[in-house]
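J.: Got a structure for you, questions after.
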């Protein structure tokens, strides 16, 4: 997988990250870290947005605003239209990353805490790796599979314990979100080998407009809107920060320091979300939440080492 910004040619991408100069490496690390911070704020921002918007309105308006930003950037750099053979892949990215994951997690957050959701979605890197193995046909080691199963068991145990012995509707939404987002990431990773990574998400957002614009119009007409500082801030963040700008700095960071190094930074995302849920939402963490998140991070780290 390769990622590049409009100012970085594919020949400069450091896939392994071992040949980058110290200053470039530091800059890339900071940019990738900013991307992780942006993603970690998604659930708290969504919870804020739900204070004033219905779930369907929030996801639709969020996607439309992000598409407007992405479209402006694509026009600014005069990005060429993707080749016809890439449109199906972009549709998969749109269905998984632009529509599926935001919608399913937004529905889950109506009844789930952000801390609970963060731990469950902490399996996203593992889910993506597993789906990539099936899609591309790679053969991970036994250590990889052992760690993957251990992480899945930890998350399942946590969700069952938190829900009183049974999976809830919110858990079903979250696990479905893992699958569709992993599919979008897998297809996006494949496309990022042949086009700039930020343009993959940009075109996916634009491709979604024929669905998201009428969806926003219908949702806003049926769901009441109560504009507050929290709801507007949450909407703007998930649209500009989570859905687009976070991905821009994330891909630029990967281009500078290499995908392996950047991916390690994302292991901190679930724990950051737990911190934000306490600081911004005043949620109370049970002992099981940070312990499970730490266990999942250990399992993901093992899979990263096994694949490397």
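Numbering (full-length UniProt numbering), first residue to last: 1 to 308. For each residue, glycine too, the CB sits at the ideal point set by N, CA and C.
Is residue 196 helix, strand or coil by DSSP?
T.: Of the three classes helix, strand and coil, the one that applies to residue 196 here is coil, per DSSP.
J.: Three Cβ pairs or more, each shorter than 8 Å: is that satisfied between the region 25–44 and the region 273–285?
T.: yes
J.: Quick one: measure Cβ to Cβ for residue 119 and residue 155, integer angstroms, because I've assumed they're closer than 8 Å.
T.: 7 Å
J.: Kindly indicate which residue of 221, 87, 27 has the alpha-carbon position closest to the one of residue 199.
T.: 87
J.: I need the boundaries of the alpha helix (DSSP H) containing residue 116, first residue and last residue.
T.: 114–121
J.: Would the beta-carbon of residue 54 fall within 9 Å of that of residue 230?
T.: no
J.: Pull up the CB-CB distance for residue 178 and residue 124, whole angstroms please, since I reckon it's below 8 Å.
T.: With a beta-carbon spacing of about 6 Å, residue 178 and residue 124 fall inside the 8 Å limit used to define contacts.
J.: Rounded to the nearest angstrom, what separates residue 60 and residue 197 at their Cα positions?
T.: 23 Å
J.: How would you write the range of the alpha helix (DSSP H) that residue 230 sits in, first residue to last?
T.: 229–236
J.: Whole angstroms are fine: how far does the CA of residue 278 sit from the CA of residue 300?
T.: 24 Å
J.: For residue 89, which option in 207, 115, 25, 57 has the closest C-alpha, if you only look at C-alpha atoms?
T.: Comparing Cα-Cα distances from residue 89 to each of 207, 115, 25, 57, the minimum goes to 207.
J.: As an exercise, report each continuous alpha helix (DSSP H) stretch of at least 4 residues that is fully enclosed by the region 70–137, in chain order.
T.: DSSP runs (the alpha helix (DSSP H)) wholly in the region 70–137: 87–93, 101–108, 114–121, 124–136.
J.: Would you kindly check if the distance between the Cβ of residue 297 and the Cβ of residue 122 is under 9 Å?
T.: yes
J.: Below 8 Å on the Cβ atoms is my contact criterion, and I expect residue 216 with residue 64 to pass it. Report the Cβ-Cβ distance as a whole number of Å.
T.: Sure, about 5 Å apart at Cβ, within 8 Å.
J.: Take residue 93 as the anchor and find which of 31, 204, 75 has the nearest alpha-carbon.
T.: 204
J.: Identify whether residue 141 lies in helix, strand or coil by the three-state DSSP scheme.
T.: coil
J.: Just the C-alpha distance for residue 283 and residue 228, rounded to the nearest angstrom, thanks.
T.: For residue 283 and residue 228, the gap between their C-alpha atoms comes out near 20 Å.
J.: Thinking just about the alpha-carbon of each residue, which of 84, 267, 73, 184 is nearest to the one in residue 310?
T.: Past the boundaries of the shown model lies residue 310; the chain is included only from 1 to 308, so the question cannot be answered.
J.: Under the assumption that residue 158 contacts residue 294 (Cβ atoms under 8 Å), give the Cβ distance between them as a whole number of angstroms.
T.: Cβ-Cβ separation between residue 158 and residue 294: approximately 11 Å, too far for a contact (criterion under 8 Å).
J.: Please tell me whether residue 180 and residue 244 are closer than 9 Å, where the distance is taken between their beta carbons.
T.: It is not a contact, given that the beta carbons lie outside the stated cut-off.
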